[in-house]
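First up is the structure itself, then whatever we jot down about it.
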Amino acid sequence: MRTTIALFLLTGCAGLQGAWKAGTARADITPTESIWLAGFGSRTKPSEGVRQRIWVKALALEDDAGQRTVLVTADLLGFNRRMADFVAAEALSKFKLTRERLALNASHTHSAPVTDTVLRVAYPFGPEQEPAISRYTEKLLRQTVDVIGSALSDLQPATLEFAQGNTGFATNRRRVRLRHLPGPVDQDVPVLAVKGADKRMRAIVFGYACHATTLSDNLVSGDWPGYAQADIESSNPGAVAFFVTGAGADANALPRRTVEFAQHYGGAMAEAVNQVLKAPMEPVTGPLNAAFATVDLQFADVPTREQLQSRLSSKDLYERRHAQYLLAHWDKHGKLWDRYPYPVQVWQFGKSVRMILLGGELVVDYALRLKKQYGWMDTWIAGYTNDVFAYIPSLRVLKEGGYEGGGSMLVYGQPSPFHPSVEETIVDQVERLIRKVGVQ
Ligand SMILES: [Zn+2]
Numbered sequence: 030m031r032t033t034i035a036l037f038l039l040t041g042c043a044g045l046q047g048a049w050k051a052g053t054a055r056a057d058i059t060p061t062e063s064i065w066l067a068g069f070g071s072r073t074k075p076s077e078g079v080r081q082r083i084w085v086k087a088l089a090l091e092d093d094a095g096q097r098t099v100l101v102t103a104d105l106l107g108f109n110r111r112m113a114d115f116v117a118a119e120a121l122s123k124f125k126l127t128r129e130r131l132a133l134n135a136s137h138t139h140s141a142p143v144t145d146t147v148l149r150v151a152y153p154f155g156p157e158q159e160p161a162i163s164r165y166t167e168k169l170l171r172q173t174v175d176v177i178g179s180a181l182s183d184l185q186p187a188t189l190e191f192a193q194g195n196t197g198f199a200t201n202r203r204r205v206r207l208r209h210l211p212g213p214v215d216q217d218v219p220v221l222a223v224k225g226a227d228k229r230m231r232a233i234v235f236g237y238a239c240h241a242t243t244l245s246d247n248l249v250s251g252d253w254p255g256y257a258q259a260d261i262e263s264s265n266p267g268a269v270a271f272f273v274t275g276a277g278a279d280a281n282a283l284p285r286r287t288v289e290f291a292q293h294y295g296g297a298m299a300e301a302v303n304q305v306l307k308a309p310m311e312p313v314t315g316p317l318n319a320a321f322a323t324v325d326l327q328f329a330d331v332p333t334r335e336q337l338q339s340r341l342s343s344k345d346l347y348e349r350r351h352a353q354y355l356l357a358h359w360d361k362h363g364k365l366w367d368r369y370p371y372p373v374q375v376w377q378f379g380k381s382v383r384m385i386l387l388g389g390e391l392v393v394d395y396a397l398r399l400k401k402q403y404g405w406m407d408t409w410i411a412g413y414t415n416d417v418f419a420y421i422p423s424l425r426v427l428k429e430g431g432y433e434g435g436g437s438m439l440v441y442g443q444p445s446p447f448h449p450s451v452e453e454t455i456v457d458q459v460e461r462l463i464r465k466v467g468v469q
């Protein structure tokens, strides 16, 4: 009799495999004062109002082994390493959340405030803007830590489901001027649906590989991902929508520059997500295995001090600002850096979907290569995660030349373009983490 009960209990436990808990939280990060908006070097003054409120959101997941993992998404150009390190250290000390179980992804909206030193060489402002940027960044970091805590406090029984849709507005932007180049894009729309025990939708996580650069005026907004999230939330009452930016560094939504276009792309994205939600989706089981590591990316050609000094009289404005920026670093630290610790993260959900979460402005080749390698149906590639510090060109893009592998290094304040080993270095590190999490 005892044996029968024991067997029954074991079966009961097995039946619970894949049981999740989920919690969500959000904080309004709309600036409360005029502040320089991020992403474009062409703006000449700080913000002049708010078109749409912007948010930092957290989704906490607990698998059946009790392992807790938190995805943070934000309507921001990007979290950099200092910001991510701060949030990760706080999350570890306050909530015992380990580094591999925290991901910070930014929508890359070009209508959110400048944070910390992200893309600093791009902007024409002087030290008079620093106090507002510093106030905003510090408040944002506190809010980010708080939403992580609130999402963890909100953990309730949940089920997870995954499927992918498509929408077609991402355009390979390198072809706009260079029409002879190939124009790969990733138009997949991966969707993770999180439902409560009552079957009601609680969270909808969706991804797309495309810049949020529809709008370039001086009003705060989430750009098309902001409209997409708002639309998804209004058609799924009670659910929080999370946008995860993919490998969209070389993709733009085109045409652009009107509010109507931003709303149109947001609406198209919301419709793509809602169609996925209406169709059958694959149940997602635990455990959620996670791994995180940094791998050093080498720069190709770090300038000497003499080279930087001669660039101070360059005719190119960005070359001059870049030289000033690096010389200031040199004066402070006695040298430049010749490599960069690149963050690579993998989350494997049971035997189903895996998220490969990579830093920087990731070009589309990484998504296409890694999905081919690990499975088109259940591999989700995110860029702009944990540290937005440069464009991450593939070897193809580096060889083609142009902004993503070249000029963008100036505005990001990096010493030079990456060494051609950049792509293999990243792909090899992904493979090491994939083995660690035990992808089926
Ligand atoms: Zn960008």
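Residue 469, in our numbering, is where the sequence shown stops; the numbers in between run on with no holes. Even glycine gets a Cβ: it sits at the ideal position worked out from N, Cα and C.
With distances taken between CB atoms, is the gap from residue i to residue j smaller than 8 Å?
| i | j | result |
| --- | --- | --- |
| Q172 | A56 | yes |
| I421 | E390 | yes |
| V313 | R80 | no |
| V220 | V101 | no |
| E91 | L184 | yes |
| I177 | A87 | yes |
| F235 | A297 | no |
| F69 | S245 | yes |
| F321 | Q374 | yes |
| L181 | G52 | yes |
| R16 | D407 | The shown model of the chain, from 30 to 469, leaves out residue 16, and the question about it has no answer. |
| Q193 | F328 | no |
| G434 | V426 | yes |
| D104 | G295 | no |
| T138 | L170 | no |
| N415 | G388 | yes |
| N195 | T146 | no |
| Q377 | G467 | yes |
| V205 | A280 | no |
| T73 | P156 | no |
| A67 | T127 | no |
| V150 | Y441 | yes |
| V174 | A141 | no |
| Y371 | T333 | no |
| A135 | L386 | no |
| A319 | T98 | yes |
| L210 | R203 | yes |
| V451 | L365 | no |
For the beta strand (DSSP E) that contains residue i, what are its first and last residues?
| i | result |
| --- | --- |
| D217 | 217 to 225 |
| E190 | 185 to 195 |
| W376 | 368 to 378 |
| A135 | 131 to 135 |
| T200 | 199 to 201 |
At what residues does the alpha helix (DSSP H) containing residue i begin and finish?
| i | result |
| --- | --- |
| T173 | 159 to 182 |
| A396 | 393 to 403 |
| W359 | 346 to 362 |
What does DSSP give as the partner residue(s) for residue i in the beta ladder?
| i | result |
| --- | --- |
| D57 | W84 |
| T408 | R383 |
| P142 | L66 |
| K465 | The partner list for K465 (beta bridge, DSSP) is empty, contrary to what the question assumes. |
| A51 | L90, Q185 |
Contact criterion: CB-CB distance below 8 Å. Does residue i meet it with respect to chain B?
| i | result |
| --- | --- |
| G442 | Of the protein chains in the structure, only one exists, and it is not chain B. |
- Item | Secondary structure, beta strand (DSSP E): runs of 3+ residues fully inside the segment 223 to 269 | 230 to 237
- Query: Enumerated in chain order, which unbroken segments of the alpha helix (DSSP H) with a length of 4 residues or greater are wholly contained in the segment 257 to 334?
  - Reply: 288 to 307
- Where are the beta strand (DSSP E) runs, 3 residues long or more, that stay fully inside the segment 73 to 126, in chain order? 84 to 91, 97 to 103
- Message: Would the segment 234 to 248 count as touching the segment 343 to 354 if we require 3 or more Cβ pairs under 8 Å?
- Response: no
- Message: Below 8 Å, how does it come out for the segment 326 to 344 and the segment 70 to 77: are there three or more Cβ pairs, yes or no?
- Response: no
- At what residue ranges does the segment 414 to 460 contain a whole run of the alpha helix (DSSP H), taking only runs of 4 or more? 424 to 429, 437 to 440
- Item | the segment 401 to 412 / the segment 273 to 290 touching (three or more Cβ pairs under 8 Å) | yes
- Item | Inter-stretch contact (C-beta, 8 Å, three-pair minimum) for the segment 281 to 291 and the segment 161 to 170 | no
- Message: Within 8 Å, do at least three Cβ pairs link the segment 256 to 269 to the segment 213 to 231?
- Response: yes
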